[in-house]
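Asker: I'd like to ask you about the structure that follows.
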């Protein structure tokens, strides 16, 4: 954001001022400056290594990739000195969004305060003595408390900047921040504690630095996973946009089917990776329409038998399009079979009962529900209650009763806000009166 509200600027400068007050006692001669300088240089170097092209344009950063160094400083140094460790790295880090100077000051002040709080808690619980000996089990309790304090400080400060700079409502500014931060910071805290104890042992600081290698490798691997996941999302988004452009009357349908499929999957207790795959299946279930002539997709009148046969090829077209996309997994079967019916009268292969893949049975329910609750060229949107009654009526013949029951339960608990995806026609289309399939069926 180029323009920062005055209240946000004041908040950032206040944070930096408080951090400066907390760090001021470190200017005394008693401060262990060699340790401060070494840790500060190490943290700054870790921040800069993210730009090494051998490791990718952006190494994993964000949620404190190198928090182990900062937390090791909180475990090894007095609170005021620990606050200094983050300053060079935060101030030297390149910032792409403006105003860069304000963002650097914010990052420096935030991290300095969090390190100061963590060091104070660690010292109050007798952590320095446990690290100095070293006694590993004895250091776990003060170390864990310091990590919690570090997370709490970051949460409070982040929530404040969201409320002032982004104008997030106060009741929502801090919601979920602590829990999202706790798991990664806890892992980094354990690495920082091991680093601190090796530092004070007979092995010395050089051996302590080796702790960072496996930590960085694990963060790099996670960054590659995140990058791959982003590529998957971009691939799916591009395919869905292409379908929406071609069949504008159903714009948004794919995303809603993905959401409904995910709701059913969660209600059935599926594992997280299968829930995500089912969301992909719902989003991409109609990708085969890219192979169907646009005039048929947008035709207002009833389809001829020949035209209906062409449209009914879209599951096979879609399956061929995604055959080589390995990360879709079970989703590919759903794309191919989401128009099969439990009684065997569906298409493209007339599968019946348990022959129909589970993912396809889920997507069939989600697809039909959204088709009924959205206005199209050939039918008006129906109320949710009417659509659910139709699903229950067709359960056992067209839809899997287990999937229908799960969807009814989750909608009763969480609700549904259907979106009309096309302008309502002034007069119902003849297609609405001439459908051979049950009203719950979509094209």
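Residue numbers (this note's numbering): 1 to 443. Built from N, CA and C at the ideal position, the CB exists for glycine as well.
So, is residue 286 buried or exposed, given that buried needs 16 or more other C-beta atoms within 10 angstroms?
Answerer: Stepping through the chain shown from its first residue, residue 286 is reached at position 286. Its Cβ being crowded by 16 or more others within 10 Å, residue 286 is buried.
Asker: For a test of the three-state rule: what should DSSP assign to residue 395, helix, strand or coil?
Answerer: As a first step, residue 395 is located in the chain shown; it is residue number 395 there, counting from the start. In this structure, residue 395 counts as strand in the three-state DSSP scheme.
Asker: Only counting runs of 4 or more residues, tell me where the alpha helix (DSSP H) segments fall wholly within the segment 210-246, in order along the chain.
Answerer: Qualifying alpha helix (DSSP H) stretches, in chain order: 212-246.
Asker: Going by CA-CA distance only, name the one from 39, 80, 13 that's closest to residue 29.
Answerer: Within the chain shown, the letter at position 29 stands for residue 29. For residue 29, the nearest C-alpha among the options comes from 80.
Asker: So residue 342 and residue 280 are in contact, right, with Cβ under 8 Å, and what is the actual spacing, rounded?
Answerer: As a working note, residue 342 is residue 342 in the chain shown. As a working note, residue 280 is residue 280 in the chain shown. In fact, because the Cβ distance is near 23 Å, the residues do not count as touching under 8 Å.
Asker: Since I believe residue 243 is in contact with residue 313 (beta carbons under 8 Å), could you give me their beta-carbon distance rounded to a whole number of angstroms?
Answerer: Working through the chain shown from its first residue, we reach residue 313 at position 313. Working through the chain shown from its first residue, we reach residue 243 at position 243. So it is not a contact: roughly 15 Å between Cβ atoms.
Asker: List in chain order: all unbroken alpha helix (DSSP H) runs of 4+ residues lying wholly within the segment 311-385.
Answerer: DSSP runs (the alpha helix (DSSP H)) wholly in the segment 311-385: 314-322, 331-337, 358-372.
Asker: Terminal residues of the continuous alpha helix (DSSP H) containing residue 174?
Answerer: Stepping through the chain shown from its first residue, residue 174 is reached at position 174. Looking at the DSSP string, residue 174 is not in any alpha helix (DSSP H), and its letter there is neither H nor E.
Asker: Near residue 293, which residues of its chain fall below 8 Å by C-beta distance, leaving aside the five closest residues on each side in sequence?
Answerer: Within the chain shown, residue 293 is the residue found at index 293, counting from 1. These residues qualify, in order along the chain: 310.
Asker: How about residue 317 and residue 288: are their beta carbons less than 7 Å apart?
Answerer: Counting from one through the chain shown, the residue named residue 317 turns up at place 317. Counting from one through the chain shown, the residue named residue 288 turns up at place 288. Cβ atoms of residue 317 and residue 288: closer than 7 Å.
Asker: Could you check whether residue 150 and residue 118 sit closer than 7 Å to each other, using their CB atoms as the reference points?
Answerer: Looking up residue 118 in the chain shown gives position 118. Looking up residue 150 in the chain shown gives position 150. Yes, the Cβ-Cβ distance between residue 118 and residue 150 is below 7 Å.
Asker: Drop a sphere of 10 angstroms on the beta-carbon of residue 211, count the other beta-carbons inside from all chains shown, and report buried for 16 or more, exposed for fewer.
Answerer: Here the question's residue 211 lines up with position 211 in the chain shown. Per the 10 Å Cβ criterion, buried.
Asker: Thinking C-alpha only, which one of 224, 177, 208 is nearest residue 191?
Answerer: The sequence position of residue 191 within the chain shown is 191, counting from 1. Among 224, 177, 208, the Cα nearest to that of residue 191 belongs to 208.
Asker: Is residue 338 near residue 352, with beta carbons less than 7 Å apart?
Answerer: Reading the chain shown from its first residue, position 338 is the one you call residue 338. Reading the chain shown from its first residue, position 352 is the one you call residue 352. Contact flag unset, no.
Asker: Taking Cβ positions, are residue 111 and residue 86 nearer each other than 7 Å?
Answerer: Position 111 of the chain shown, counted from the first residue, corresponds to residue 111. Position 86 of the chain shown, counted from the first residue, corresponds to residue 86. Result yes, Cβ atoms of residue 111 and residue 86 sit closer than 7 Å.
Asker: By a C-beta neighbour count over all protein chains shown, 10 Å radius and 16 as the cutoff for buried, is residue 398 buried or exposed?
Answerer: By one-based count along the chain shown, residue 398 stands at place 398. The residue in question, residue 398, is buried, as its Cβ has 16 or more Cβ neighbours within 10 Å.
Asker: Terminal residues of the continuous alpha helix (DSSP H) containing residue 254?
Answerer: Stepping through the chain shown from its first residue, residue 254 is reached at position 254. 253-267 is the span of the alpha helix (DSSP H), which, as asked, contains residue 254.
Asker: Report buried or exposed for residue 415, applying the criterion of at least 16 other Cβ atoms within 10 angstroms of its Cβ.
Answerer: Locating residue 415 in the chain shown gives position 415, counting from the first residue. Classification for residue 415: exposed.
Asker: Please report the residue range of the alpha helix (DSSP H) in which residue 47 lies.
Answerer: Locating residue 47 in the chain shown gives position 47, where the first residue counts as 1. Taken as a continuous stretch (DSSP letters only), the alpha helix (DSSP H) holding residue 47 covers 33-48.
Asker: Whose CA, out of 93, 160, 140, lies closest to the CA of residue 13?
Answerer: In the chain shown, counting from the first residue as 1, residue 13 sits at position 13. Ranking the options by Cα distance to residue 13, first place goes to 160.
Asker: Rounded C-beta distance between residue 173 and residue 162? I'm assuming under 8 Å.
Answerer: Here the question's residue 173 lines up with position 173 in the chain shown. Here the question's residue 162 lines up with position 162 in the chain shown. Indeed they touch by this definition, with Cβ atoms about 5 Å apart.
Asker: Count the other CB atoms within 10 Å of the CB of residue 108; is the residue buried (16 or more) or exposed (fewer)?
Answerer: In the chain shown, residue 108 corresponds to position 108, counting from 1. Buried, because 16 or more other Cβ atoms sit within 10 Å of the Cβ of residue 108.
Asker: Just to confirm, are residue 305 and residue 348 a CB contact at a threshold of 7 Å?
Answerer: Position 305 of the chain shown, counted from the first residue, corresponds to residue 305. Position 348 of the chain shown, counted from the first residue, corresponds to residue 348. No, the pair does not count as a contact, with Cβ atoms beyond the cut-off.
Asker: Comparing alpha-carbon positions, which option in 104, 95, 93, 38 lies nearest residue 72?
Answerer: For this step, residue 72 is matched to residue 72 along the chain shown. Considering only alpha carbons, the answer is 38.
Asker: Look at residue 282 and residue 258 and say whether their C-beta atoms are less than 7 Å apart.
Answerer: Working through the chain shown from its first residue, we reach residue 282 at position 282. Working through the chain shown from its first residue, we reach residue 258 at position 258. The answer is yes: Cβ separation under 7 Å.
Asker: Express the C-alpha separation of residue 94 and residue 230 in angstroms, rounding to a whole number.
Answerer: Taking the chain shown and counting its residues from 1, one reaches residue 230 at position 230. Taking the chain shown and counting its residues from 1, one reaches residue 94 at position 94. In a straight line, the C-alpha of residue 230 is about 23 Å away from that of residue 94.
Asker: From residue 124 to residue 141, what distance separates their C-alpha atoms?
Answerer: Taking the chain shown and counting its residues from 1, one reaches residue 124 at position 124. Taking the chain shown and counting its residues from 1, one reaches residue 141 at position 141. Between residue 124 and residue 141, the C-alpha separation is close to 12 Å.
Asker: Tell me which residues share the same chain as residue 236 and place their Cβ nearer than 7 Å to its Cβ, disregarding the 5 neighbours each side in the sequence.
Answerer: As a position in the chain shown, residue 236 is number 236, starting the count at 1. Taken in chain order, the residues that qualify are 280, 283, 284.
Asker: In whole angstroms, what separates the C-alpha of residue 116 from that of residue 179?
Answerer: Here residue 116 refers to the residue found at position 116 of the chain shown. Here residue 179 refers to the residue found at position 179 of the chain shown. Distance between the alpha carbons of residue 116 and residue 179 is about 21 Å.
Asker: Taking residue 326 as the reference, which of 256, 277, 204, 301 has the closest Cα?
Answerer: In the chain shown, residue 326 corresponds to position 326, counting from 1. When each option's Cα is compared against that of residue 326, the closest is 277.
Asker: Taking the continuous alpha helix (DSSP H) assigned at residue 116, which residues delimit it?
Answerer: On the chain shown, residue 116 is found 116 positions in, with the first residue counted as 1. Unbroken alpha helix (DSSP H) run through residue 116: 100-124.
Asker: At the level of alpha carbons, what is the spacing between residue 15 and residue 35?
Answerer: Taking the first residue of the chain shown as 1, we reach residue 15 at position 15. Taking the first residue of the chain shown as 1, we reach residue 35 at position 35. Going from the Cα of residue 15 to the Cα of residue 35 covers about 25 Å.
Asker: Relative to the alpha-carbon of residue 214, which residue among 225, 204, 187 has its alpha-carbon at the smallest distance?
Answerer: Residue mapping note: residue 214 aligns to position 214 of the chain shown, counting from 1. Here the closest residue by C-alpha is 187.
Asker: Quick one: what's got a C-beta closer than 6 Å to residue 31's C-beta in the same chain, skipping five residues either side?
Answerer: Here the question's residue 31 lines up with position 31 in the chain shown. Excluding residues within five positions, the ones whose Cβ falls inside 6 Å are 81.
Asker: Give a yes or no on contact between the segment 127-138 and the segment 152-159, applying the rule of three or more CB pairs nearer than 8 Å.
Answerer: No contact exists between the segment 127-138 and the segment 152-159.
Asker: Just the Cα atoms here: how many angstroms apart are residue 217 and residue 175?
Answerer: Taking the chain shown and counting its residues from 1, one reaches residue 217 at position 217. Taking the chain shown and counting its residues from 1, one reaches residue 175 at position 175. C-alpha separation (whole angstroms): 31 Å.
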